[in-house]
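Below is one structure, written out as structure tokens; comments come after it.
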Amino acid sequence: MASSEGASLYELIREDIIEGRLAANERLVVTDLARRHGTSTNPVREALQLLRGEGFVTFLPNRGARVRPIDQDFVRDIYEIGVLIEPALTRWFVNMATGEDIAELERLQGLIEENNFADTFRHSELDTAFHTVMYQRHYNRHAAELWWKHREVLRAVSRRFNFTLARRAAIIREHRELIAHVKAGEADKAAELVSRHVEGSGRHILEQMRARNAARAG
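Oh and the sequence shown: position 31 is 1432 in our numbering, straight run, nothing missing.
Written as structure tokens, this is what we have:
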């Protein structure tokens, strides 16, 4: 278990990578980072291991830790894995869902619609809680944890962008349809919907990244 100091340092370094303050392929020197953040080297090592687990940092033999480029290929790879994993997790959930699970999904969806994207951080927290209801009890902990790690990456990257009106409408609509499929016990339909949902989210981030890159180039 990482210390709380290592975990909060991880968030600071992750933000520096996402915002470009630590450049792609830049070497991450433990002593330099410790000095920069006014801490000892052990929390920095913990933070780099957490970042490695999420794919933000790579470790190369005899070359140490480096910043993984947060580019379109990186985002595409992550969301495509989600398209493969999440339908399977969803299919299992539909077959195991209880009345309490459905009530919790409806409660969270109500809060999502009440917020209506006004507070994007709150939306992100509620949306993650919505999907966590479906995946948190899955017997394959490795698959569930992989989903969580990848979702954290996409959440962190997507914070740089606003949701388009079309994407907002799609999220609300697809969540409602998903709840209806869960209530009806329609596992295959729910899995197919989640596949589209995850792909739509990934494509939205890619489109925003392309637009930002085009604006910078122009």
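The beta carbon of each residue, even a glycine, is placed where N, CA and C say it ideally should be. Source: prediction; values computed, not measured.
What first and last residue would you give for the alpha helix (DSSP H) that runs through residue i?
i	result
F1460	Where F1460 is concerned, there is no enclosing alpha helix (DSSP H), although the beta strand (DSSP E) it sits in stretches over 1458-1461.
G1601	1588-1618
G1454	1442-1455
E1481	1473-1497
Y1536	1521-1536
L1423	Segment: none, L1423 is in no alpha helix (DSSP H) and carries neither H nor E.
N1516	1500-1516
H1582	1566-1585
Got a sec, what are the start and stop residues for the beta strand (DSSP E) residue i sits in?
i	result
R1467	1465-1468
Among the options, which has the Cα closest to the Cα of residue i?
i	options	result
D1528	F1494, R1542, L1512	L1512
T1565	Y1540, V1554, A1519, H1582	A1519
E1416	N1614, R1428, T1491, R1561	R1561
R1469	Q1609, L1410, E1420	E1420
A1570	L1452, S1441, H1605	H1605
E1481	R1542, R1492, R1617, S1602	S1602
N1463	E1578, E1501, R1428	R1428
L1555	L1461, A1616, E1455	E1455
Quickly, what does DSSP pair residue i with across the bridge? List them, please.
i	result
L1429	A1466
With a CB to CB cut of under 7 Å and the five nearest residues on each side skipped, what residues in its chain are close to residue i?
i	result
R1446	V1431
G1586	V1495
S1438	Note on residue identity: the sequence assigns His, not Ser, to residue 1438. Cβ neighbours of H1438 beyond the five flanking positions: L1410, L1413.
Taking 7 Å as the threshold (C-beta atoms), are residue j and residue i in contact?
i	j	result
H1551	G1619	no
I1503	K1584	yes
P1488	V1595	yes
L1449	A1425	no
L1579	Q1473	no
Near residue i, which residues of its chain fall below 8 Å by C-beta distance, leaving aside the five closest residues on each side in sequence?
i	result
F1531	L1506, L1509, Q1510, I1513, H1576
R1453	T1459, F1460, A1466
Once the 5 residues before and after residue i are set aside, which same chain residues still bring their CB inside 6 Å of it?
i	result
N1516	R1523, H1524
I1486	A1544, W1548
L1434	V1445
A1592	P1488, T1491, R1492
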